[in-house]
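Read the structure below first, then the notes.
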Amino acid sequence: MSAAFSTTGTSVRKRAVNLTLNEGLVAQAKTYTSNLSATMEELLTAYVAKQQQARLTRQQQADAAAMDWNAVHATVGSFADEHSTL
Numbered sequence: 443m444s445a446a447f448s449t450t451g452t453s454v455r456k457r458a459v460n461l462t463l464n465e466g467l468v469a470q471a472k473t474y475t476s477n478l479s480a481t482m483e484e485l486l487t488a489y490v491a492k493q494q495q496a497r498l499t500r501q502q503q504a505d506a507a508a509m510d511w512n513a514v515h516a517t518v519g520s521f522a523d524e525h526s527t528l
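Count along the sequence shown from 1, then add 442; that gives the number in this note's numbering.
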């Protein structure tokens with residue numbers, strides 16, 4: 443369930459948002475960039491991509507664990523099978 447998006451091109455809609463940021467940090471950042479909005483958007487894009495990759499990795503690990511468990515169950519069976527009252 444990842445939303446692919448692009449921050450390049452002219453078709454990207456932008457909207458103003460309110461952020462509360464450390465005043466000193468903003469002042470320092472402005473010494474390194476003339477476009478704080480573009481810098482924040484670039485950093486947020488990288489953050490979102492990293493979070494999406496982390497989610498994908500966790501899902502792949504969960505899928506692999508389920509496949510391994512299913513293989514063990516198919517080979518050995520379930521411990522609970524010996525204790526069924528049915």
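Backbone N, C-alpha and C define an ideal beta-carbon position, used for all residues, glycine too. Note that the coordinates shown come from a computational prediction; the quantities given were computed from them, not determined experimentally.
In three-state DSSP terms, what is residue i?
i, result
"Leu478", "helix"
"Ala458", "coil"
"Thr527", "coil"
In the DSSP assignment, find the unbroken alpha helix (DSSP H) run with residue i in it and report its ends.
i, result
"Val468", "Glu465 to Lys472"
Assuming residue i and residue j make a contact with CB atoms under 8 Å, what is their CB distance in whole Å?
i, j, result
"Ala471", "Thr462", "Not a contact, Cβ separation roughly 15 Å."
Which same chain residues, not among the five before or five after residue i, have their C-beta less than 6 Å away from its C-beta?
i, result
"Ser476", "none"
"Val454", "none"
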